Amino acid sequence: MTGVGIDALARLPRRRALLAASVGVLVLALLAVSWVQVHQYRLLNETTKYQDDYLQVSVHQLQAEYLRLRLEIHHASEEGLRDRDRLQLRYDVFVSRADLLTGPSAQRLMGHHPAIQDTVTRTQAFVARADRLLGPKPSEDLTADALRTLDGELAALDAAIHELTLEASHIVSAQAALRETAVNNYNRVAIALTALLSLSTFGFALLAIGQLRRLDERRRALEQLTSELRLAQRDAEAASRAKSAFLANMSHEIRTPFQGLLGMLQVLDADTLAPQQRAHLHTARDSARHLLAILNDILDMAKLEAGTLSVSPEAVALRDLVGDVQQLMQPLAAAKSLALDIDVATQLPERVRLDGTRVRQVLYNLISNAIKFTDGGRVTLEVRPDGSEWLAFAVTDTGAGIDPDMLPRLFQRFGQGDDSPSRRHGGTGLGLEISRNLARLMGGDLTVQSAPGRGSRFEMRLPLQRTDPPPADVTDAPATAAGLAGPARRALHLLAAEDNAVNREVLAAMIDLAGHRVTFAEDGAAAVRAAQAQPFDLVLMDLHMPELDGIGATRAIRAMAGPMARVPIVALTADVFPETRARCLEAGMNDFLTKPIGLPELTQLLARHVDASLATAAA
Amino acid sequence: MNVMRRRIVLAAPLTGLASYAAALEAPAATVVLTVRGALAQASRDGKADFDMAMLERLPQRSITTETPWHSGARTFQGPLLREVLAAAGAPRGQTARLVALNDYSVEMPLDDARRYDVIVARQLDGKPMSVREKGPLFVMYPFDTQPQLRNAVYFSRCVWQLRSIELA
Numbered sequence: 077m078t079g080v081g082i083d084a085l086a087r088l089p090r091r092r093a094l095l096a097a098s099v100g101v102l103v104l105a106l107l108a109v110s111w112v113q114v115h116q117y118r119l120l121n122e123t124t125k126y127q128d129d130y131l132q133v134s135v136h137q138l139q140a141e142y143l144r145l146r147l148e149i150h151h152a153s154e155e156g157l158r159d160r161d162r163l164q165l166r167y168d169v170f171v172s173r174a175d176l177l178t179g180p181s182a183q184r185l186m187g188h189h190p191a192i193q194d195t196v197t198r199t200q201a202f203v204a205r206a207d208r209l210l211g212p213k214p215s216e217d218l219t220a221d222a223l224r225t226l227d228g229e230l231a232a233l234d235a236a237i238h239e240l241t242l243e244a245s246h247i248v249s250a251q252a253a254l255r256e257t258a259v260n261n262y263n264r265v266a267i268a269l270t271a272l273l274s275l276s277t278f279g280f281a282l283l284a285i286g287q288l289r290r291l292d293e294r295r296r297a298l299e300q301l302t303s304e305l306r307l308a309q310r311d312a313e314a315a316s317r318a319k320s321a322f323l324a325n326m327s328h329e330i331r332t333p334f335q336g337l338l339g340m341l342q343v344l345d346a347d348t349l350a351p352q353q354r355a356h357l358h359t360a361r362d363s364a365r366h367l368l369a370i371l372n373d374i375l376d377m378a379k380l381e382a383g384t385l386s387v388s389p390e391a392v393a394l395r396d397l398v399g400d401v402q403q404l405m406q407p408l409a410a411a412k413s414l415a416l417d418i419d420v421a422t423q424l425p426e427r428v429r430l431d432g433t434r435v436r437q438v439l440y441n442l443i444s445n446a447i448k449f450t451d452g453g454r455v456t457l458e459v460r461p462d463g464s465e466w467l468a469f470a471v472t473d474t475g476a477g478i479d480p481d482m483l484p485r486l487f488q489r490f491g492q493g494d495d496s497p498s499r500r501h502g503g504t505g506l507g508l509e510i511s512r513n514l515a516r517l518m519g520g521d522l523t524v525q526s527a528p529g530r531g532s533r534f535e536m537r538l539p540l541q542r543t544d545p546p547p548a549d550v551t552d553a554p555a556t557a558a559g560l561a562g563p564a565r566r567a568l569h570l571l572a573a574e575d576n577a578v579n580r581e582v583l584a585a586m587i588d589l590a591g592h593r594v595t596f597a598e599d600g601a602a603a604v605r606a607a608q609a610q611p612f613d614l615v616l617m618d619l620h621m622p623e624l625d626g627i628g629a630t631r632a633i634r635a636m637a638g639p640m641a642r643v644p645i646v647a648l649t650a651d652v653f654p655e656t657r658a659r660c661l662e663a664g665m666n667d668f669l670t671k672p673i674g675l676p677e678l679t680q681l682l683a684r685h686v687d688a689s690l691a692t693a694a695a
Numbered sequence: 030m031n032v033m034r035r036r037i038v039l040a041a042p043l044t045g046l047a048s049y050a051a052a053l054e055a056p057a058a059t060v061v062l063t064v065r066g067a068l069a070q071a072s073r074d075g076k077a078d079f080d081m082a083m084l085e086r087l088p089q090r091s092i093t094t095e096t097p098w099h100s101g102a103r104t105f106q107g108p109l110l111r112e113v114l115a116a117a118g119a120p121r122g123q124t125a126r127l128v129a130l131n132d133y134s135v136e137m138p139l140d141d142a143r144r145y146d147v148i149v150a151r152q153l154d155g156k157p158m159s160v161r162e163k164g165p166l167f168v169m170y171p172f173d174t175q176p177q178l179r180n181a182v183y184f185s186r187c188v189w190q191l192r193s194i195e196l197a
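The structure is reproduced here in structure tokens:
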């Protein structure tokens, strides 16, 4: 199929040349035909203009007039002049006829015949002599002797005049023959040209038909190619969907054991350990966290490439979001003895619409980068409005700065502003690329200003979307305050639905560390039965379980009579897809906890929900 | 049927010519042109004689053209043939036989006189023509304004040394 296309392309110039040649022949033939016609027209016109045929008549008339004049003069010389006017008329008519011999038409046809020229000269000589007697101003009397002499002279012209008529006949017929030959030649040329015209028109038609057919073929080939491409695209899209599904599965499969690993490391950390052992444990924990960060980056990148990463804006308390970031980043900064300053402009609204998770992700990335590349001084996060339309998050550091020729490559994959083989700063090198993609996905952008030795300034601009202030009782400011205040004040009884044994052990250890009790259910159905049997303060619900999954179990619990219908239910999930979250909220869940679960996150969550529910119950 | 229709069509301009005609005076000088034959109002002996002065008094036209008999373009001037015929007294026929001094003659459809401004030229380049100069009268078609007339048929009707016109 493509072979046909390439072949056609290769033949194109040759065909075009043929087409041009046939058009050229056509045009030339048409030009030649018009040339022939012009010449034929000119030939005919000339004949008409000079009245060639008329010459013969003229000469014959001259001969007749010659004879009549001779007769008249002969009579006059024999019998005396009786009617001078009559003689004068005959003479004048003869002269007017003789004049024709010197006219343009006669000269054109006969001028080069010596015999004729001789006749013309002799006739003119006779007229010159006769004019003395019969001209407009006669100088001699018309005596009988003069008439006799005239008669003799006229008789001497006889042979010449006769010769003239014969010659004129010949000339005219020769001329006619010549003209006929010319016309015949022109006709032959015209016929040949017509044949050529017909042939080239035929050839042109053939070429045009061929061209049309090839165009048709090419169109069909293109149509086939299009349908093949469409199929290929469908296959590619299917493959991409399969890849996305695989990624979702992988993220679940990888995070689950990670949760176990990190959880157990945290549990171990709470035990009494020798300082050496604790140092080893921290190294293991940091490595695991690092590995998880890399894993998250790679998954995000894959999703960005597959186009499956979407943002879901929601009403977010801006200052809480920034507080979360500060809380998480503060230990990192402190570890390098850096100051982390947070500055949120006071004129900013309490709540804005944005994807909190993604904004946090970008800010984590920017601030951890800043900390990573700064050895002394401070890292600042400024949040301020940029005009009335934009919200700007600026992360400034007093670090090494970035070389100008590195700046363009900064947001490219694996660009770290440091090409040195030592690569003293770890990481996937995907962070900035992901951050910028996320910023753009959210309708904004991520830009950088930097100079070596003068620090860097990364600024994320996002559309500023104001939102209505929340109802007073849903505000989570007190909850956050409680969360920041540390573990909840009373021991809670939790129900955890989790099918994975390792996760159950981790959860048990963490909840125990936080000072609470837990009852486990190994699948959704068991969770529902447990909830029916006794009340719990909060339910942790894994989403992927046999028998009845988290969503189904939540619906069942929400459908129960009694206080358990209003119990806070928190999803435990490894995937962070917005659709999953939407489905959870729809089923009646209150919050999410992303695996692997850390102890701080768990205590914060418990503080948030149980305190809130207690507050509601008290009210 | 067809012939009849043509007659009817021709009748109208002929009547027009007839009404134009006035009683023709007698020539005062040498007769240079005689019209005879089918005339509705022939003046004397069934013929009409013209001298130069009479021809000069009729509406004139001039034609500047090349001819087969002269070198270069020449200007012919004289009365329109149809005016001459009308003055002669309402021609009724279809043809006019133009006869020259040397008895050369040619037939011309009267229609030519109506359709074209055919003149009976009296002057060549503003001067009278002698017999030697193919005068004194020279029938000339308007080749200047109607070049399509330049063919053997119309050239042959350009009679020079015109002496008489016989209508039939």
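For the protein sequence lines, the chains are A and B, in the order given.
Position one of the first sequence corresponds to residue 77 (this note's numbering), numbered consecutively onward.
Position one of the second sequence corresponds to residue 30 (this note's numbering), numbered consecutively onward.
By construction, the Cβ of each residue, glycine as well, lies at the ideal position given by its N, Cα and C atoms.
It should be emphasised that the depicted structure is a prediction, and the values quoted were computed from it without experimental measurement.
Item: Environment of R331 (chain A) [buried if 16+ CB atoms lie within 10 Å]; Value: buried
Item: C-beta contact flag for L68 (chain B) and V113 (chain B) at 9 Å; Value: no
Item: CB contact check: K76 (chain B) to chain A, cutoff 9 Å; Value: no
Item: A468 (chain A) - DSSP class collapsed to helix/strand/coil; Value: strand
Item: Outcome for H358 (chain A) when other beta-carbon atoms lying within 10 angstroms are tallied against a minimum of 16; Value: exposed
Item: Secondary structure of D419 (chain A), DSSP reduced to three states; Value: strand
Item: Collapsed DSSP secondary structure at A683 (chain A) in the structure displayed; Value: helix
Item: Opening and closing residue of the beta strand (DSSP E) in which Q89 (chain B) lies; Value: 89 to 94
Item: First and last residue of the uninterrupted beta strand (DSSP E) at T649 (chain A); Value: 645 to 649
Item: Extent of the continuous beta strand (DSSP E) run through K76 (chain B); Value: 76 to 79
Item: Beta-bridge partners of R542 (chain A), as assigned by DSSP; Value: A:V428
Item: Check whether L177 (chain A) and L138 (chain A) have beta carbons under 9 Å apart; Value: yes
Item: Opening and closing residue of the alpha helix (DSSP H) in which Q608 (chain A) lies; Value: 600 to 609
Item: Cβ distance (whole Å) where M586 (chain A) is taken to contact I673 (chain A) below 8 Å; Value: 7 Å
Item: Reduced DSSP category for R530 (chain A) - H, G, I as helix; E, B as strand; rest coil; Value: coil
Item: Nearest residue (CA-CA) to E581 (chain A), options A:A567, A:E598, A:G529, A:L568; Value: A:E598
Item: Interface flag, G279 (chain A) vs chain B, CB-CB below 9 Å; Value: no
Item: Sequence-distant residues of its chain with Cβ nearer than 6 Å to V109 (chain A) (five each side left out); Value: L269
Item: Between the CA atoms of F170 (chain A) and Y142 (chain A) - distance to the nearest angstrom; Value: 6 Å
Item: Short CB-CB distance (under 9 Å) between Y133 (chain B) and chain A; Value: yes
Item: Per-residue burial, R427 (chain A) [other beta carbons within 10 Å of its own, 16 or more giving buried]; Value: buried
Item: D132 (chain B) burial status per 10 Å Cβ neighbour count (16 or more: buried); Value: exposed
Item: Proximal residues of chain A, C-beta to C-beta of V160 (chain B) below 7 Å; Value: L165, D168, V169, S172
Item: Integer Cβ distance of M186 (chain A) from I237 (chain A), believed to fall under 8 Å; Value: Not really, about 14 Å apart at Cβ, beyond 8 Å.
Item: Three or more C-beta pairs below 8 Å linking the stretch 636 to 652 of chain A and the stretch 526 to 533 of chain A; Value: no
Item: Chain C contact residues for Q137 (chain A), given Cβ-Cβ distances below 8 Å; Value: The chain inventory of the structure shown lacks chain C, comprising the protein chains A and B.
Item: Which listed residue (B:N180, B:R103, B:G107) has its alpha carbon closest to that of V149 (chain B); Value: B:G107
Item: Test item: CB-CB of V392 (chain A) and R429 (chain A) under 9 Å; Value: yes
Item: A191 (chain A) vs S134 (chain A) beta-carbon contact at 9 Å; Value: no
Item: Cβ of D234 (chain A) within 9 Å of any chain B Cβ; Value: no
Item: 7 Å CB neighbourhood of L191 (chain B) in its chain, flanking five on each side removed; Value: L62, L127, A129, V149, L166, F167, V168
Item: R499 (chain A) classed as buried or exposed, judged by whether at least 16 other C-beta atoms fall within 10 angstroms; Value: Per-residue confidence for R499 (chain A) stands at a pLDDT of 40, beneath the threshold of 50, marking its modelled position as unreliable; the derived number appears in the next sentence. The residue in question, R499 (chain A), is exposed, as its Cβ has fewer than 16 Cβ neighbours within 10 Å.
Item: Stretch pair the stretch 414 to 422 of chain A + the stretch 455 to 470 of chain A: three plus CB contacts closer than 8 Å; Value: yes
Item: Under 9 Å by beta carbon: chain B residues contacting P214 (chain A); Value: Within chain B, no residue comes near P214 (chain A); the closest Cβ sits about 13 Å away, beyond 9 Å.
Item: Boundaries (first-last residue) of the alpha helix (DSSP H) holding Q106 (chain B); Value: Segment 103 to 108 is the beta strand (DSSP E) holding Q106 (chain B); no alpha helix (DSSP H) there.
Item: H685 (chain A) classed as buried or exposed, judged by whether at least 16 other C-beta atoms fall within 10 angstroms; Value: buried
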